[in-house]
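Q:
There are 2 protein chains.
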Amino acid sequence: MPISFLRFPIILIILSFSISLYSQEAEETADAFFIKAIYDQVLTSSSCYDWLDHLSTNIGGRLSGSEAAAKAVDYTKQMLDTLGLSRVHLQDCMVPHWERGKPEVVYMTNKRTGIRTNLNVLALGNSIATTSAGISGEVVEVRSLDDLEKLGEAGLKGKVVFFNRPMDPTQIRTFNAYGGAVDQRVYGPTKASKYGAVGALVRSMTTKIDDIPHTGVTVYEEGSVKIPAVAISTMNAEMLSSSLKEGAVEVYIKTDCKTYEDKPSHNVIGEIIGSEFPEEIILVGGHLDSWDVGGGAHDDGAGCVHAMEVLNILTKLNYRPKRTLRCVLFMNEENGLGGGKAYAEKSNKNKEYHLAAIESDAGGFTPRGFSADGHADIFTKRYKNVTKWLPLLEPFGLSFSKGGSGADISPLKGQKGMLFGFRPDSQRYFDYHHTGVDTIDAVNQRELELGAAAITSLVYLIDKYGL
Amino acid sequence: MPISFLRFPIILIILSFSISLYSQEAEETADAFFIKAIYDQVLTSSSCYDWLDHLSTNIGGRLSGSEAAAKAVDYTKQMLDTLGLSRVHLQDCMVPHWERGKPEVVYMTNKRTGIRTNLNVLALGNSIATTSAGISGEVVEVRSLDDLEKLGEAGLKGKVVFFNRPMDPTQIRTFNAYGGAVDQRVYGPTKASKYGAVGALVRSMTTKIDDIPHTGVTVYEEGSVKIPAVAISTMNAEMLSSSLKEGAVEVYIKTDCKTYEDKPSHNVIGEIIGSEFPEEIILVGGHLDSWDVGGGAHDDGAGCVHAMEVLNILTKLNYRPKRTLRCVLFMNEENGLGGGKAYAEKSNKNKEYHLAAIESDAGGFTPRGFSADGHADIFTKRYKNVTKWLPLLEPFGLSFSKGGSGADISPLKGQKGMLFGFRPDSQRYFDYHHTGVDTIDAVNQRELELGAAAITSLVYLIDKYGL
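Protein chains in written order, with my numbering: chain A, 18 to 484; chain B, 18 to 484.
1. On the CB-based measure, 16 or more other CB atoms within 10 Å of its CB, does B:K405 come out buried or exposed?
2. For the 8 Å Cβ check, are there 3 or more pairs between the stretch 55-62 of chain A and the stretch 176-192 of chain B?
3. Between which two residues does the alpha helix (DSSP H) harbouring A:N143 extend?
4. Does any C-beta atom of chain B lie closer than 8 Å to the C-beta of A:G420?
5. For B:P245, does the three-state DSSP call read helix, strand or coil?
6. Using a Cβ cut-off of 8 Å, pull out every chain B residue sitting near A:N461, in sequence order please.
7. Would DSSP call A:P19 helix, strand or coil?
8. For B:T404, which of helix, strand or coil comes out of DSSP?
9. With DSSP as the reference, label A:R190 as helix, strand or coil.
10. Counting only Cβ pairs nearer than 7 Å, list the residues of chain A close to B:T187.
11. I want to verify the contact list: residues of chain B whose CB lies under 8 Å from the CB of A:E464, in sequence order.
12. Relative to the alpha-carbon of B:T332, which residue among B:V178, B:V476, B:E351 has its alpha-carbon at the smallest distance?
13. Suppose you measure from the CA of B:R440 to the CA of B:G386; what does that come to, to the nearest Å?
14. Mind listing the chain A neighbours of B:L467? Cutoff is C-beta to C-beta under 9 Å, in chain order.
15. Can you say whether B:F50 is buried or exposed, counting buried as having 16 or more other CB atoms within 10 angstroms of its CB?
16. Distance check for A:M111 and A:L328, CA to CA, integer angstroms please.
17. So which residues of chain A does B:R385 contact, with C-beta pairs closer than 8 Å?
18. B:N329 lies in the alpha helix (DSSP H); which residues open and close that run?
19. Give the DSSP bridge partners of A:K430, in chain order.
20. What does DSSP give as the partner residue(s) for B:A389 in the beta ladder?
21. Unbroken beta strand (DSSP E) runs of length 3 or more, entirely within the stretch 53-125 of chain A: which are they?
22. Between A:G107 and A:K94, is the Cβ-Cβ spacing less than 8 Å?
23. Could you tell me the alpha carbon to alpha carbon distance between A:A373 and B:N284, rounded to whole angstroms?
24. Helix, strand or coil for B:L261, going by three-state DSSP, please let me know.
25. By the criterion of Cβ-Cβ separation under 8 Å, what are the contact partners of B:T148 in chain A?
26. List the whole-angstrom C-beta distance separating B:T272 from B:E121, where the pair is believed to meet the contact cut-off of C-beta under 8 Å.
27. Alpha carbon to alpha carbon, what distance is there between B:L410 and B:E44?
28. With burial defined as no fewer than 16 other Cβ atoms inside 10 Å of the residue's Cβ, what is the status of A:Q41: buried or exposed?
29. Between which two residues does the alpha helix (DSSP H) containing B:E170 stretch?
30. Please classify A:I472: does DSSP put it in a helix, a strand, or coil?
31. Which word fits B:P384, buried or exposed, when buried means at least 16 other C-beta atoms lie within 10 angstroms of its C-beta?
32. Which value, in whole angstroms, describes the spacing of the CA atoms of B:D394 and B:S422?
33. Chain B beta carbons: is any one of them nearer than 8 Å to that of A:T224?
34. Within 10 angstroms of the Cβ of A:S259, are there 16 or more other Cβ atoms? Answer buried if so, exposed if not.
35. Taking just the CA atoms, how far does A:I289 sit from B:R202?
36. Among all the DSSP beta bridges, which residues are the ones paired with A:T207?
Structure representation (structure tokens):
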């Protein structure tokens, strides 16, 4: 065989390899430019901070079933209507309707000295009201649900249980510390009631020592006796714990909460139909409801305006997505997941396929990356694909890690797409979470905007390359 | 040769390789444990937030030459004295002594309508006083120093020059945006005076639009005519710029500043003498002086308490350093670098060798890593060595990048050690920098503490392994 025949295919291979290298490089440059354009757009003419200001200041706390929640539905739909999307609509769901009622009255009385001290509290979501006379009981401090079992009815009957295990300050990611302590709030009161406790105080979920109570959901097991349950500030928790070391303390609790009939409500949905693969959905979402106190700015107004801004930026940049981009503002993440469940149910019924779903529900702080999750059948390969984008995302301080995504999107796992959780810096999140101080003042505009840009960049890459 | 002879050395090689692998792994595990212990220590029993509270609240703004600066020297020396170090002392240096005097009075008058509006300003550091009657001039807006040349004496004589190029909001690292705009503040007034301008207004160095003026140093070229120079808030800058689009605007400026004779002052130094290589110094530092307004909390009280905390943590953990660890709180970074220069001069004279110097002067925000710099002779190899530690540091969100270190330590570059700049998240830094709102309220305790832990971890690794 003449040598020239041998050379020809080799040259072809080298040539095609070079072209493919060249074209890969060119694509990467184009991607880098587009991602820079996304960031420039957000940092110079974003709407998300103004949207969040309206949501958290003018509308304010918007617990499921409240008038404010209904206003938030109307407002965000109105805003999405201005963005020139393919379609904006409301999706029905049912939500619980709990109201705090009149401000709680809780005080402790040192039984030795008779000195009475008011405690700074918030009833936990779902908590029942006490009688109008309130309830009283001697305080028993515990550090875990296991402690209840050890104490038993002998130690707990007629008592007020005080759950006082602090969030672990040595966890670098504060959500891990939250995860390690929140069982006390969610399951503590109902478990205490089994042993005859008449009320529950729960140390607020924060590593900070201050006088701000943090509310959040508590769950009553079906058939169990419901007892009133309130969160007390960490400062009050420290004080109460000190007092208990010196002798018996009695606590008086008066709550005025009420659970009404479930109510119809809505998820708010806006979408841009994909030009090539319209049946492949990329969802970006947050949850529209918040607790009733404060403005729900970080939790989760930030996530909602992030999701809205993704579609806004891409539209402003005249980006025509191949796949369907859908912004979903879920109702009722805080106390029932009515919106998330209704969405997944309807999506499954319609045989939809979510190639990816990204939830922002960790605040409007400086982005650090995304956690990724997905059905075992598809996860390993797709996670590897995603990490190939790191050279494009690392300049913006973004990375990927394996881990849970978001409560509202997790019911979509069965569709075998990828699920992502937006992960901003977590250090300040639990200074504000579920409190009266989760307001627009706690949100830095640049940090919020960078979050929107980060999520938009990931959406762009998924849309362009698939997974 | 019998085959057994061949095998013997192979087995030896494999064995020694395994041992070395095993021992390397064991060391890495030990390092991971120790770094975790550092973080645990800081996050559960740190002193740095309390120190910073005292520095920024009780002592407050502490410009070189002021009584507060002297108090800051005394206080930090006192605190270092409590830590059980090998030696704590004050090092002499000379510093400038400039005082703001009575609050500035600046207003603009729309020449068409006659409407007068007060402007929110701060005189720039070094600025001269106007006469007691103040000065007035028509305003000429420019965007760069080059604009001055174009306008020349014809356009600038008798005028007040208004430098209004904003910091670029699209820079992800805000320090880059600062670097791209601050020439207007430092060199603008002196350059404008060459063309006969009678005063200068400089847009505050921040990407935020608010009503807070940011001071900072301006430099008069030797022999040039000194003109009064003030920073105006970005909100006022926008307003003034809008007014100028409609017609002529005159500005009145009255400043009361005074520069006194240079004064003796001090760097504050604490050290632990190394047990094996005492002649190899690892320096951690920040600068003790701040501007006169606000509390100098992020700039650079945070850096000072970081540096102090490094020695404190390692002592509390009973760590016995091989090398000499030295905490240096430099005086006069803001307007002269008197402390940094005196330190380097004395160090060179004493033939000291700084194996590494780390400066924290970018605020007390969540750590993101370190920039590294060094003499060309040593940099490449040592940077590579440093990046080998990434697996130990990445779990804490830390990375390395090439770039400048810190103003106070940069004169040490000639000693051919490595220089590092601590790099926390930069998004909020220029909300507070050189303003009245750089107070303890702007500092999140966890974020501050994590910075101390990050720097301590790097110091530990350098001390243990060298560079």
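For every residue, glycine included, the Cβ atom is placed at its ideal position computed from N, Cα and C.
A: Inspection of the coordinates gives the following:
1. Within the second sequence, numbered from 1, the residue matching residue 405 of chain B stands at position 388. It counts as exposed.
2. yes
3. As a first step, residue 143 of chain A must be located in the first sequence, where it is residue number 126. Element bounds for A:N143: n/a, residue is neither H nor E.
4. Here residue 420 of chain A is taken as the residue at index 403 of the first sequence, counted from 1. It does not: the Cβ of A:G420 has no partner Cβ on chain B nearer than 8 Å.
5. Position 228 of the second sequence holds residue 245 of chain B. It is coil, neither helix nor strand.
6. Taking the first residue of the first sequence as position 1, residue 461 of chain A is located at position 444. Within chain B, the residues near A:N461 are Q444, R445, D448.
7. By one-based count along the first sequence, residue 19 of chain A stands at place 2. With a pLDDT of 43 at A:P19, under the threshold of 50, the modelled position of this residue cannot be trusted, and the question is left open.
8. Here residue 404 of chain B refers to the residue found at position 387 when the second sequence is read from its first residue. Three-state result, B:T404: helix.
9. As a position in the first sequence, residue 190 of chain A is number 173, starting the count at 1. In this structure, A:R190 counts as coil in the three-state DSSP scheme.
10. Locating residue 187 of chain B in the second sequence gives position 170, where the first residue counts as 1. Chain A residues near B:T187: Y56, D57, L60, T61.
11. Here residue 464 of chain A refers to the residue found at position 447 when the first sequence is read from its first residue. Within chain B, the residues near A:E464 are Q444, R445.
12. Locating residue 332 of chain B in the second sequence gives position 315, counting from the first residue. Comparing Cα-Cα distances from B:T332 to each of B:V178, B:V476, B:E351, the minimum goes to B:V476.
13. The count along the second sequence starts at 1 and reaches residue 440 of chain B at position 423. The count along the second sequence starts at 1 and reaches residue 386 of chain B at position 369. Each residue's Cα considered, the two are about 5 Å apart.
14. Mapped onto the second sequence, residue 467 of chain B falls at position 450. Result: I189, Q444.
15. Along the second sequence, one-based indexing puts residue 50 of chain B at 33. With fewer than 16 other Cβ atoms within 10 Å, it is exposed.
16. Here residue 328 of chain A corresponds to residue number 311 of the first sequence, with the count starting at 1. Here residue 111 of chain A corresponds to residue number 94 of the first sequence, with the count starting at 1. Those two C-alpha atoms are separated by around 27 Å.
17. Sequence index remark: in the second sequence, residue 385 of chain B carries index 368 (1-based). The answer, in chain order, is G414.
18. Stepping through the second sequence from its first residue, residue 329 of chain B is reached at position 312. Segment 319-333, the alpha helix (DSSP H) holding B:N329.
19. By 1-based counting over the first sequence, the position of residue 430 of chain A is 413. DSSP output for A:K430 lists no bridge partner at all.
20. Mapped onto the second sequence, residue 389 of chain B falls at position 372. Paired residues: B:K419, B:F437.
21. 104-116
22. Numbered from 1 along the first sequence, position 90 holds the residue referred to as residue 107 of chain A. Numbered from 1 along the first sequence, position 77 holds the residue referred to as residue 94 of chain A. In the sequence on display, residue 107 of chain A carries Leu and not Gly. It is a contact, given that the beta carbons lie within the stated cut-off.
23. What you label residue 373 of chain A is simply residue 356 of the first sequence in a count that begins at 1. What you label residue 284 of chain B is simply residue 267 of the second sequence in a count that begins at 1. Distance between the alpha carbons of A:A373 and B:N284: 56 Å.
24. Position 244 of the second sequence holds residue 261 of chain B. Residue state, collapsed to three classes: helix.
25. Residue mapping note: residue 148 of chain B aligns to position 131 of the second sequence, counting from 1. Within chain A, no residue comes near B:T148; the closest Cβ sits about 41 Å away, beyond 8 Å.
26. By one-based count along the second sequence, residue 272 of chain B stands at place 255. By one-based count along the second sequence, residue 121 of chain B stands at place 104. Right, their Cβ atoms sit about 5 Å apart.
27. Sequence index remark: in the second sequence, residue 44 of chain B carries index 27 (1-based). Sequence index remark: in the second sequence, residue 410 of chain B carries index 393 (1-based). Cα-Cα distance, rounded: 15 Å.
28. Here residue 41 of chain A is taken as the residue at index 24 of the first sequence, counted from 1. Classification of A:Q41: exposed, given that the 10 Å Cβ count is below 16.
29. As a first step, residue 170 of chain B is located in the second sequence; it is residue number 153 there, counting from the start. Segment 162-173, the alpha helix (DSSP H) holding B:E170.
30. Counted from its first residue, the first sequence places residue 472 of chain A at position 455. Of the three classes helix, strand and coil, the one that applies to A:I472 here is helix, per DSSP.
31. For the purposes of this step, residue 384 of chain B is taken as the residue at position 367 of the second sequence. Looking at its Cβ environment, which holds 16 or more other Cβ atoms inside 10 Å, B:P384 is buried.
32. Here residue 394 of chain B is taken as the residue at index 377 of the second sequence, counted from 1. Here residue 422 of chain B is taken as the residue at index 405 of the second sequence, counted from 1. Each residue's alpha carbon lies about 17 Å from the other.
33. Reading the first sequence from its first residue, position 207 is the one you call residue 224 of chain A. Yes, its Cβ sits closer than 8 Å to a Cβ of chain B.
34. Here residue 259 of chain A refers to the residue found at position 242 of the first sequence. So A:S259 ends up on the exposed side.
35. In the second sequence, counting from the first residue as 1, residue 202 of chain B sits at position 185. In the first sequence, counting from the first residue as 1, residue 289 of chain A sits at position 272. Taking the straight line joining both Cα atoms gives about 46 Å.
36. For the purposes of this step, residue 207 of chain A is identified with residue 190 of the first sequence, where counting begins at 1. DSSP, once it has assigned bridges, lists no residue as partnering A:T207.
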